[in-house]
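Read through the structure below, which is laid out as structure tokens, and then see the notes.
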Amino acid sequence: MDEVKQLAADIKSRKLKPIYFLMGEEPYYIDKISDFIQDNVLTEEERGFNQMVLYGRDVSIDDIVGNAKRFPMMAEYQVIIVKEAQDLSRTIEKLVDYAKHPQPSTILVMNYKYKTIDKRKSLYKTINKMGVVYESKKLYENQVADWIRRVLAPKDYTIAPKASQMLVEFLGTDLSKINNELDKLQIVLPKGTQISPEHIEENIGISKDFNNFELRKAIGEGDIKKAHQIAIYFAENPKDNPMVVTVSLLFNFFSQLLYLHGMNDKSPRNIASALKINPYFVNEYITASRNFPMRKVSSVIATLREFDVKSKGVGANAVPQGDLLKELLVRIMT
1 MDEVKQLAAD
11 IKSRKLKPIY
21 FLMGEEPYYI
31 DKISDFIQDN
41 VLTEEERGFN
51 QMVLYGRDVS
61 IDDIVGNAKR
71 FPMMAEYQVI
81 IVKEAQDLSR
91 TIEKLVDYAK
101 HPQPSTILVM
111 NYKYKTIDKR
121 KSLYKTINKM
131 GVVYESKKLY
141 ENQVADWIRR
151 VLAPKDYTIA
161 PKASQMLVEF
171 LGTDLSKINN
181 ELDKLQIVLP
191 KGTQISPEHI
201 EENIGISKDF
211 NNFELRKAIG
221 EGDIKKAHQI
231 AIYFAENPKD
241 NPMVVTVSLL
251 FNFFSQLLYL
261 HGMNDKSPRN
271 IASALKINPY
281 FVNEYITASR
291 NFPMRKVSSV
301 IATLREFDVK
311 SKGVGANAVP
321 QGDLLKELLV
331 RIMT
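The letter at position 316 of the sequence shown is residue 316 when you use the UniProt record's numbering, and the numbering goes up by one with no holes.
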């Protein structure tokens, strides 16, 4: 995020580069930077003649270069934005000749999503020297809550840790989807609000009481009744609560517990750092480690591997997902 802010500041202050090659697994920041260039380099009057959007599936590298070599009309720059440039992956290295001698009055923006170019080859080295190569990396699940907090802070909103985790569980690590939901919340909630689990439930439709993180907590606390209630809710709402996601989250949880058992320094601060979790959730892990000794944790991990296969339909085709989850909970909690 800091690199994106610096890029935006440079563009705003007219420290422009002739080529911006935006690549990587996370499309959110690629779109953000591209849109920022599209909205801020040229004035509204200049854009009609000097701003062009192309699509990788419709053009060749020669087409892009031909347009890039033109001169702007009654403006200092022209801007050419190539969206879905990854569709040109087989011929992308042909861009190297232009990259060595780019048109100074052209700002060429390549949106190369979901993949990267080879950093050992000439194209990467040349653009990195003459322009900007930005790699947008996918965030790990444990990084998304902090990203949510940082996105909200400049807009005068905060968010409760549990509310962040609800969003991550429901939407995964897709930053565009999460940002869309945050935008909706900012429409209905006044500035200065701390976004709570209740806000998430009321406005997005994610249950604050019946979700995978509450299931994890119930299991860790040995609360069989609550875990069973959540399992029933999941069985009644299978599309919103797929078994494969539940098993994956529980597998990660018990893997972290196994690591926790092997730690020498079990202070809350060190646990949060070592397990890469929000300090808010440390007590859940400490409680679970007391209820699940190391030997039991190892047994649960083996059980989760078994049910991971079953949840994908191998050896359990006729068994409803809800029944599988109930059986899994019995195996874990007895």
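All C-beta atoms, glycine included, are put in the ideal place defined by N, C-alpha and C.
Asked, Found
"Could you say which of V59, M1, L304, V314 lies nearest to Y134 if we only look at CA atoms?", "M1"
"Can you tell me which of E306, Q186, H228, M263 puts its alpha carbon nearest to the alpha carbon of S248?", "E306"
"Evaluate the contact criterion for the region 19–34 versus the region 53–61: three or more CB pairs, one atom per stretch, below 8 Å.", "no"
"Excluding the 5 residues preceding and the 5 following S122 in the sequence, name in chain order all residues of the same chain whose CB lies nearer than 8 Å to its CB.", "E93, V96"
"Measuring alpha carbon to alpha carbon, tell me which of F71, G205, T106 ends up nearest Y20.", "T106"
"Would you mind listing the alpha helix (DSSP H) stretches within the UniProt domain \"DNA polymerase III delta N-terminal\" (20–135) that are 4+ residues and don't spill past its ends, in chain order?", "27–40, 44–50, 61–68, 96–100, 122–130"
"Considering Cα atoms alone, identify which of L16, I64, Y77 is closest to E45.", "Y77"
"Roughly how many whole angstroms lie between the Cα atoms of E84 and F254?", "40 Å"
"Can you list, in chain order, the residues of its chain with a C-beta nearer than 6 Å to that of Y98? Leave out the 5 residues immediately preceding and following it.", "V65"
"Give the secondary structure of T173 by DSSP, where H, G and I count as helix, E and B as strand, and everything else as coil.", "coil"
"Reducing DSSP to helix, strand and coil, say where residue 337 ends up.", "Missing from the structure shown is residue 337; the chain here goes from 1 to 334 and no further."
"Below 9 Å between beta carbons: does that hold for G82 and M110?", "It is worth fixing the name first, because residue 82 is Val in this sequence and not Gly. The answer is yes: Cβ separation under 9 Å."
"Classify A231 as buried or exposed, calling it buried when 16 or more other Cβ atoms lie within 10 Å of its own Cβ.", "buried"
"Please list, in chain order, all residues of the same chain as A288 whose beta carbon is under 7 Å from its beta carbon, the five residues on each side excluded.", "G220, L257"
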